[in-house]
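Working notes, beginning with the structure itself.
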Amino acid sequence: MRLGDVRGRDRALCTLYGLFAVGGCLVMGTLAIVFVVRNADAGPLGVIENFLRDATRNLASQFIYADLALIWAALAAFMIIEARRLGIRHVWAYIVGAPALALVVSFSVFMYVRQLKIAAMNDAHAEPTSTAMTTHAMTRGTQR
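Everything in the sequence shown is counted per numbering that gives the first Met the number 0, starting at 0 for the first residue and increasing by one.
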């Protein structure tokens, strides 16, 4: 199912999740580029070392870094459970994508795909009911 096929509340949620993913990608991507440019003289491994050092430099940054790591673990559990329940493939990519891209991006993309699956399931359940109702309405009065 694609966004063009989705209506109502499901479409609004997909749009919201998509906006978070795009906005998060822009903000976090910009911050990542600025950090890499400022630390480019350290080389690729040096950039990673500098990032980890800066992320754990003081208690405030350690608090935020630990909180994000714990949120990432909790959301990974949620994504695995929901992926199994809804049949979402490649859930590992969303989990690995969090530190590679940003948690806001990977989780928002997962929620977007999840909402598309939910909308498809709702459509699949709604179609037989509407077909049965149409059939009943067409045959009403013809039986004796």
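Built from N, CA and C at the ideal position, the CB exists for glycine as well.
Excluding five sequence positions before and after residue 56, none of the CB atoms of its chain fall closer than 8 Å to its own CB. A direct Cα-to-Cα measurement between residue 120 and residue 92 gives close to 23 Å.
Counting of Cβ neighbours within 10 angstroms places residue 123 among the exposed residues, the total staying below 16. For residue 9, the uninterrupted alpha helix (DSSP H) segment begins and ends at 7-37. Residue 74 and residue 41 have their C-alpha atoms spaced approximately 33 Å apart. Taking all protein chains shown into account, residue 62 has fewer than 16 neighbouring C-beta atoms within 10 Å of its C-beta and is therefore exposed.
For residue 50, the closest of 107, 31, 67 by C-alpha to C-alpha distance is 31. Between residue 87 and residue 116 the beta-carbon gap is near 6 Å, inside 8 Å, which marks them as a contact.
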